[in-house]
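4 protein chains.
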Amino acid sequence: MSVLVEFAMFPTDKGESVSSYVSRIIKMIDEEGIPYKLTPMGTVFEVENMEDALNILNKAYKQLEPDCNRVYSVVKFDIRKNKSNRLKQKIKSVEEKLGKEVQK
Amino acid sequence: MSVLVEFAMFPTDKGESVSSYVSRIIKMIDEEGIPYKLTPMGTVFEVENMEDALNILNKAYKQLEPDCNRVYSVVKFDIRKNKSNRLKQKIKSVEEKLGKEVQK
Amino acid sequence: MSVLVEFAMFPTDKGESVSSYVSRIIKMIDEEGIPYKLTPMGTVFEVENMEDALNILNKAYKQLEPDCNRVYSVVKFDIRKNKSNRLKQKIKSVEEKLGKEVQK
Amino acid sequence: MSVLVEFAMFPTDKGESVSSYVSRIIKMIDEEGIPYKLTPMGTVFEVENMEDALNILNKAYKQLEPDCNRVYSVVKFDIRKNKSNRLKQKIKSVEEKLGKEVQK
């Protein structure tokens, strides 16, 4: 099984700039050793089951909990059986269909 | 702490109509005994911590896992310390500001 | 055609409490005269085509633009041909499947 | 002003594999000549105002409308005044804070 997750998580009580808070979460994911991709609007990661995915989200919140009163998060899941390595495959599949490389 | 969660979860390999699948998830949430609200675009529920929220999402997926090959889900979290009963309070707060009842 | 839209939109440079900003948007939608539902996590409305839906989102942003430096928004669309009045129908369809009323 | 948009849009009446439909949308965006990034869970693009952003979303739907009965879409907006080129800047800012390159 492949569980692809895209999520954004940030405090809303810390003013306009929140990249120092977001960086804590990226640091945690980077240290987890799971395949991921940072995008300008969130982080995409891939794990093998729902429990692992939810565990990462819980750890992400733990990075902000100590000093943030209000945290907002948006998460998308794409869960598919009998698939793997979709972090690369999904983009490749689009490129094959278009017959050209895309910006990525 | 109040963790407000709004989520939609549905199979994408079952054709245009998916309400029978969605109903399984609502049934589970209704039986959990937590405060919730079904909306035309998802379900909002409120729990006291992130672990409980993620646990409900895991149970939701378990309702679809047996017979769905691909499941898509979108989840929003609004996590706020020192608050409770926001399932009602957030709407009430808007109505107070507007000085009138809204459609809900 | 039925375009169901669920959206949340709020400033992230105004501190922890944003209900006065959110209220401006609800006021606009209420005055538009379209069917809608305020939920604890956003607003659901239904219009007949994509252009009308996007127009409402643009008007929503215009309520915040004058005095907000940074605005975040999450929008879900469920667009379906040959359907109407889904603001009520989708919930009813779940209740029929469950054979009971749900919290709404 | 910088309007960053991340969106996923796909038919839900076409079975488990939808990359041929998604490819139509990427083709349109690629031909628009705006800066974008394809991710495994959606497409991020940056434009200078809300009208342009909504116009792209309308064009995206037009790619699917002819032969899709039901279309689902999730869109996130991050709208910020006095900023530009955030498609690259936001990731760079995280890397500076972490003092290392991340997977992107």
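Protein chains in written order, with the working numbering: chain F, 61 to 164; chain W, 61 to 164; chain A, 61 to 164; chain C, 61 to 164. Even glycine gets a Cβ: it sits at the ideal position worked out from N, Cα and C.
CA-CA distance, C:S153 to F:S79, rounds to 7 Å. Per the C-alpha coordinates, the member of A:S62, A:V65, A:A120 positioned closest to A:R84 is A:A120. W:E76 belongs to the set of residues whose beta carbon lies under 8 Å from a beta carbon in chain C.
Under the three-state reduction of DSSP output, F:P126 falls in the helix class. If you check the CB distance, C:N129 and A:R146 do not come in under 8 Å. Shown here for A:K136: same chain residues with a beta carbon closer than 8 Å to its own, the five before and five after excluded, namely V65, E66, F67 in chain order. Per DSSP, reduced to three states, the secondary structure at F:V154 is helical. Rounded to the nearest angstrom, the gap between the Cα atoms of A:K150 and W:M101 is 8 Å. For the region 114 to 132 of chain A, the residues whose beta carbon sits under 9 Å from a beta carbon of chain C are, in order, L114, N115, L117, N118, Y121, K122, L124, E125, C128, N129, R130, V131, Y132. Nearest Cα to C:D127 within the set C:P71, C:V107, C:I86, C:M61: C:P71. C:I116 is not a Cβ neighbour of C:I86, given a cutoff of 8 Å.
From the beta-carbon of C:V134, the residues of chain F found nearer than 8 Å are K136. The beta carbon of A:V162 sits closer than 8 Å to the beta carbons of I151, V154, E155 from its chain, once the five residues preceding and following it are set aside; these are given in chain order.
Counting along the chain, F:S79 sits inside the alpha helix (DSSP H) bounded by residues 79 to 92. In this structure, C:M61 and C:N118 do not form a Cβ contact; the two beta carbons are roughly 20 Å apart against a cut-off of 8 Å. With fewer than 16 other Cβ atoms from the protein chains shown falling within 10 Å of its own Cβ, W:K122 counts as exposed. Listed along chain C are G75, E76, each with a C-beta nearer than 7 Å to that of W:D73. Shortest Cα-Cα distance from F:N142 to any of W:E125, W:N142, W:V134 involves W:E125.
Straight across, the Cα-Cα distance linking W:V107 with C:D138 is about 28 Å. Assignment of W:M69 by DSSP, reduced to helix, strand and coil, places it in the strand class. Under the three-state reduction of DSSP, F:K97 is assigned to strand.
Under the Cβ distance rule, C:E92 does not count among the residues neighbouring chain F, no pair being separated by less than 8 Å.
At least one CB atom of chain A sits nearer than 8 Å to the CB of C:E111. Nearest to W:G93 by C-alpha distance, out of W:S77, W:D112, W:Y81, W:V131, is W:D112. Annotated three-state conformation of C:K148 is helix, per DSSP. Residues of chain F with a Cβ closer than 9 Å to the Cβ of C:E66 are, in chain order, E66, A68, T99, P100, M101, G102. Shown here, A:E76 sits in coil according to DSSP, grouped into three states, outside any helix or strand. The Cβ atoms of C:L98 and F:K164 lie closer than 8 Å to each other.
Taking C-alpha positions only, C:M69 is separated from C:Y81 by approximately 9 Å. Close to F:I139, with beta-carbon spacing below 7 Å, lies no residue of chain C; the smallest spacing is near 12 Å.
The bridge partners DSSP lists for F:D138 are F:L64, W:Y132. A:V104 places its beta carbon 8 Å or farther from that of F:V134. Assignment of beta-bridge partners to A:E106 by DSSP yields A:L64. Looking from the CA of C:Y96, the closest CA among C:S77, C:E76, C:G75, C:V63 belongs to C:V63. Taking 8 Å as the cut-off, the beta carbon of A:D73 is found closer than this to the beta carbon of F:E76.
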